[in-house]
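J.: In the working numbering, the protein residues as written are 2 to 171. Structure incoming, see below.
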Amino acid sequence: METNQQRTIRTMCPMNCHPTLCGMLVDIDNGRLVGVRGDKENPDSQGFLCVRGHAAQEIIDNPKRLLYPLIRHRRTKDAWRQASWDEVLDLITTRMQAAGREAVGIWAGHGVFSTNYGMRINGHLLRRFANFYGCQWWNPTMICWGLGAFGLGVTGVLETNTKEDMGQHA
Numbered sequence: 002m003e004t005n006q007q008r009t010i011r012t013m014c015p016m017n018c019h020p021t022l023c024g025m026l027v028d029i030d031n032g033r034l035v036g037v038r039g040d041k042e043n044p045d046s047q048g049f050l051c052v053r054g055h056a057a058q059e060i061i062d063n064p065k066r067l068l069y070p071l072i073r074h075r076r077t078k079d080a081w082r083q084a085s086w087d088e089v090l091d092l093i094t095t096r097m098q099a100a101g102r103e104a105v106g107i108w109a110g111h112g113v114f115s116t117n118y119g120m121r122i123n124g125h126l127l128r129r130f131a132n133f134y135g136c137q138w139w140n141p142t143m144i145c146w147g148l149g150a151f152g153l154g155v156t157g158v159l160e161t162n163t164k165e166d167m168g169q170h171a
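Put into structure tokens, the structure is as follows:
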């Protein structure tokens with residue numbers, strides 16, 4: 002006999018935008034994600050959850066979500082094939098060595114932060130690797146914050162400085 006198991010899990014938003022590390026409540030019903038919302042008890046975000054945080058629900062069970070590495074083997078549309086992690090890491094190493102340290106740049110993006118729950122350990126390790134290897138390290142916020150500022154300008158919410166201000170314009 003199957004029992005209906007509904008529960009709410011307290012976690013952090015996987016986007017981990019800086020400086021706010023938003024608390025999130027995730028609703029689960031029979032092992033399936035059915036809802037996300039801001040956690041009012043989180044001392045930092047106090048229940049705030051931006052549109053990206055709310056959209057995090059769309060990641061789970063998305064048929065377009067990548068669950069394994071892909072390698073493009075021809076420069077044509079849909080010319081991707083599944084590969085092992087060992088193959089992908091060997092390919093990255095070979096291409097980095099061929100390009101030379103000065104031509105390599107590392108950008109962490111949000112994927113590196115999504116399992117750190119605000120600790121940003123993986124981002125620090127990537128930066129440390131870049132320093133040891135002698136290549137460039139690009140701050141992950143250069144994409145997110147730059148586009149976010151552009152979006153604020155487009156919507157006319159230019160006086161926004163904090164998540165509290167954004168709540169007033171929602």
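C-beta atoms are modelled at their ideal positions from N, C-alpha and C, and glycine is treated no differently. Since the model is a prediction, treat every value here as computed from it, not as a measurement.
Suppose the cutoff is 6 Å on Cβ atoms and the five residues either side in sequence are ignored; what does the same chain contact list for W138 look like?
T.: Correct list, in chain order: I107, R128, A131.
J.: Work out the CA separation of E103 and F133 for me, nearest whole Å.
T.: Approximately 13 Å, taken between the alpha carbons.
J.: Kindly indicate which residue of G39, L22, M16 has the alpha-carbon position closest to the one of T9.
T.: Ranking G39, L22, M16 by Cα distance to T9 puts G39 first.
J.: In the DSSP assignment, find the unbroken beta strand (DSSP E) run with V35 in it and report its ends.
T.: 33-39 is the span of the beta strand (DSSP E), which, as asked, contains V35.
J.: If you drop the 5 nearest sequence neighbours on each side, which residues of the same chain put their C-beta closer than 7 Å to that of C14?
T.: Correct list, in chain order: C23, M25, L50, G54, A57.
J.: Please identify the residue among I60, T12, I61, E88 whose C-alpha is closest to the C-alpha of R73.
T.: Among I60, T12, I61, E88, the Cα nearest to that of R73 is on E88.
J.: Which of helix, strand or coil does DSSP assign to R53?
T.: Reduced to three states, the DSSP call for R53 is helix.
J.: I'd like to know whether the C-beta atoms of V155 and C136 end up nearer to each other than 8 Å.
T.: Against a cut-off of 8 Å, the Cβ pair of C136 and V155 comes out as no contact.
J.: Rounded to the nearest angstrom, what separates L92 and N31 at their Cα positions?
T.: Taking the straight line from one Cα to the other gives about 40 Å.
J.: Beta strand (DSSP E) containing T9: first to last residue?
T.: Run containing T9: 7-13, per the beta strand (DSSP E) assignment.
J.: Could you have a look at Q98 and say whether DSSP puts it in helix, strand or coil?
T.: Looking at Q98 - three-state DSSP - the assignment turns out to be helix.
J.: Rounded to a whole number of angstroms, what is the C-alpha to C-alpha distance between D179 and G101?
T.: Past the edges of the chain, shown from 2 to 171, lies residue 179, and the structure says nothing about it.
J.: Would you kindly report the start and end of the unbroken beta strand (DSSP E) that includes G24?
T.: 24-30 is the extent of the beta strand (DSSP E) around G24.
J.: Excluding the 5 residues preceding and the 5 following L71 in the sequence, name in chain order all residues of the same chain whose CB lies nearer than 8 Å to its CB.
T.: For L71, where only same-chain residues beyond five positions count, the Cβ hits under 8 Å are W81, R82, Q83, A84.
J.: Take R66 and list the residues in its own chain whose beta-carbon comes closer than 8 Å to its own, dropping the five residues that flank it on each side.
T.: Counting only Cβ-Cβ distances below 8 Å, and skipping sequence neighbours, we find I60.
J.: Does DSSP put Q225 in a helix, a strand or coil?
T.: No information on residue 225 is available, as it lies outside the stretch 2 to 171 that the chain covers here.
J.: Can you round the beta-carbon distance between V35 and I29 to whole angstroms, since I take them to be within the 8 Å contact cut?
T.: Indeed, because the Cβ distance is near 7 Å, the residues count as touching under 8 Å.
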